[in-house]
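With the working numbering applied, the sequence shown covers 22 to 536.
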Amino acid sequence: MNPASEKVVLIEPDGSSREILQAALQSAGHSVTSFATSREGLDFVHQSGADLLILDLAPGDSAAQETLTAIRGAASTESLRVLCLVSGGAAERAAALNLGADDVLSRPLDTPEFLARASALLRARRREVRLSEKTRIAEEGQQIAHTAFEALAVTEKMTSDAFSLDRRLKIGFTAVFAVAIVMAGIYFLFAGSANKENQRTDAMIARLEGGLIHQQDLIAQVRKLRSEQGPEGIEPSSKDELQKQAADLKAKMAAASSDEIADLQKQLAETDERLKRVESEDDAAQTLIPTDVRSVCLLHVAVAFRNQQSGQRLRYAGLNPQGEPLQDSDGNPILTLEGRGPEVMLDVFGTGFLVNADGRVLTNRHVSEPWWKNDEISALTTQGFQAEISSIHAYFPGDPRAFSAEIQDISKDADLATMRVDLQDLKRGVLTIDPSAGAAVPGEPIVSMGYATGLAAILARTDEDTAQKILSSSGGDVSQVLGQLASRGLIRPLITQGHIGDILADKIVFDAQTT
């Protein structure tokens, strides 16, 4: 059903209020007919039909109460949704619900919430209409089966009366009956699962929404990561452990017997050798990091969801005064294809390595194409939604700007892709790629630089007060959070050290921590 073809009837005695509500509904894409009296509105509903009735239910307004009672008592308006507007509190809302209203709002009205409630009722009606249609089809299937059964009964009677009837005809009727039974079963199963499928789609999209940060959840994740990371985001290496191990061996040697000394000396020599190698690698990493770290950027990819049938993008129905999405009775954000609410966005973070002076950045395929090997996003395609890139921005350490980027090439064989970043006047060193067969060898030291765990890991390198201020002042908008982090010079990659473990056809296995 096309939402634009749905009819909304507004009954509001106050002229100025009626004009305001009608304008708000029309701006959200609804077709609205308004009336000043309940009798006019009721006549229109009976003659022309309607999908949603918005009714002012003032205390003591017997005409409005009779209208609501009449609508709920008529079979022709059984699928009509009713939203009542009341001037009182809980008692008035309860009275309206007892009269048959599907939802109630108290005045003064909050326009975004009013539009969200109206859209939610229309969505519920759409689901019910679809389910009714599928039930009708199932009932027709049942009728087919019933007709086939009667035909078979008649055939059996004819067989008993006329032994000359060809046996193959009986088999044919039996087959028709069996097919009809199977068809009816399929219809019943389809109708029974239709409503569950709609609910599953809404829940799946709600799980993927990420454009508005849930601050408390993010702060909890930040605190956990902060406790795990070392200073400046460099995780501890094995150097401290080796130094402690060497000290322990020396202590044991002081109290060891002559038989144990030789073995302890051998262990100490091996530990000292490993310690020298780690210190040498640390020195090399300290030389490498300041040179290359400024060419490792944070990529922020915003993914939107477009309805394949209408071409409209999925949106939040509205925001409450705290800037959070309006929620339904189950605590899920209310989503719609109509209105002017903020678009639902999935935020994907990745690491980019500047490999060419023209702004070419090397990254992962799962960053450039977030739905690649992502079952949840891919499943939305079968539900009528198509994921698409809305925007890509790159943030380089030491620069407060967000640089626009676009996808250049995506590998079909490996988790690799390239993007082109508009660097403007930014000057950064280019990271060289070694294409030789011996570029990566098992056992060699490795320095890992990147933005593992995305936004939370960056915030974890700030103090508690700074993180709280950034999240509060940004209103939960991811782009604003990143802008504040960049302006404060807080965007820089996490750096860890380790060794290459194995070289596979499509990946390098290493032991450096990435969280």
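Note that CB positions come from ideal geometry on N, CA and C, so glycine has one too.
Check	Outcome
Are there three or more Cβ pairs, one per stretch, closer than 8 angstroms when the region 389–399 is compared with the region 451–466?	no
Thinking C-alpha only, which one of K28, V382, S279 and S48 is nearest T54?	K28
Out of E390, A408, R449 and Q164, point me to the one whose CA is closest to I428's CA.	E390
Please name the residue, chosen from P311, R114, S279 and L270, that lies closest to E291 on a Cα-to-Cα basis.	L270
Is there at least one Cβ from chain B nearer than 8 angstroms to G471's Cβ?	Of the protein chains in the structure, only one exists, and it is not chain B.
Terminal residues of the continuous alpha helix (DSSP H) containing S493?	E485 to S495
Starting from I17 and walking both ways along the beta strand (DSSP E), at which residues does that stretch end?	Residue 17 lies beyond the residue range present for the chain, which begins at 22 and ends at 536; the question has no answer from this structure.
Identify the continuous alpha helix (DSSP H) that holds V369 and give its terminal residues.	V369 -> not in any alpha helix (DSSP H); beta strand (DSSP E) instead, spanning L367 to L375.
Let me confirm a value: D446 is counted as buried when at least 16 other C-beta atoms fall within 10 Å, else exposed. Which label applies?	exposed
So A49 packs on L126, CB below 8 angstroms; how close in whole Å?	Not confirmed; about 15 angstroms, so no contact.
Which residue marks the beginning of the beta strand (DSSP E) containing F424, and which one marks its end?	F424 to I431
Taking 8 angstroms as the limit between beta carbons, can you name the residues of its chain near D313, skipping five residues before and five after?	G450, L452 and M470
For V442, which residues in the same chain have their Cβ closer than 6 angstroms to its Cβ, ignoring the five residues on either side in sequence?	G380, V382, A415, F424 and A426
According to DSSP, what are the bridge partners of L126?	L106
Could you tell me the alpha carbon to alpha carbon distance between A477 and Q288, rounded to whole angstroms?	41 angstroms
Quick check on the burial criterion: 16 or more other C-beta atoms within 10 angstroms. Buried or exposed for L233?	Unreliable positioning characterises L233 in this predicted model, as indicated by a pLDDT of 47, which lies under 50. A coordinate reading is not provided.
Are at least three pairs of beta-carbons, each pair with one atom in the region 321–333 and one in the region 347–354, less than 8 angstroms apart?	no
Quick one: residues in its chain with C-beta nearer than 7 angstroms to the C-beta of S83, no 5 flanking neighbours on either side, listed in chain order?	none
For F406, tell me which candidate among G332, I431, P363 and P418 has the shortest Cα-Cα distance.	G332
In whole angstroms, what is the alpha-carbon distance linking A481 and P421?	19 angstroms
Look up P16 in the DSSP assignment and give the residues it is bridged to.	This structure does not reach residue 16, given that the chain is present from 22 up to 536, and the question cannot be answered.
Indicate the three-state DSSP secondary structure (helix, strand or coil) for E364 in the structure shown.	strand
Using DSSP bridges, identify the partner residues of D523.	V530
Nearest-angstrom Cα distance between S508 and E113?	51 angstroms
Does the region 456–470 come into contact with the region 511–529, if we say contact requires no fewer than three beta-carbon pairs (one atom in each stretch) closer than 8 angstroms?	yes
If you check the beta carbons only, do R102 and L120 fall under 8 angstroms apart?	no
Which value, in whole angstroms, describes the spacing of the CA atoms of D123 and V365?	27 angstroms
Identify, in the order they occur along the chain, each residue of the same chain with its Cβ nearer than 6 angstroms to the Cβ of T372, setting aside the five sequence neighbours on each side.	G471 and Y472
Nearest-angstrom Cα distance between D35 and S140?	23 angstroms
Quick one: using the 10 Å Cβ neighbour count with 16 as the cut-off for buried, is L118 buried or exposed?	exposed
Is L296 closer than 8 angstroms to A276 when the C-beta atoms are compared?	no
Would DSSP call L233 helix, strand or coil?	Caution is warranted here: a pLDDT of 47 is assigned to L233, below 50, making its placement in the model unreliable, and the coordinate value is therefore given only provisionally. Here L233 sits in strand by DSSP.
Figure out for me which residue from D368, G70 and C105 has the closest Cα to the Cα of I32.	C105
From what residue to what residue does the beta strand (DSSP E) around E359 run?	E359 -> no beta strand (DSSP E), and no H or E assigned at all.
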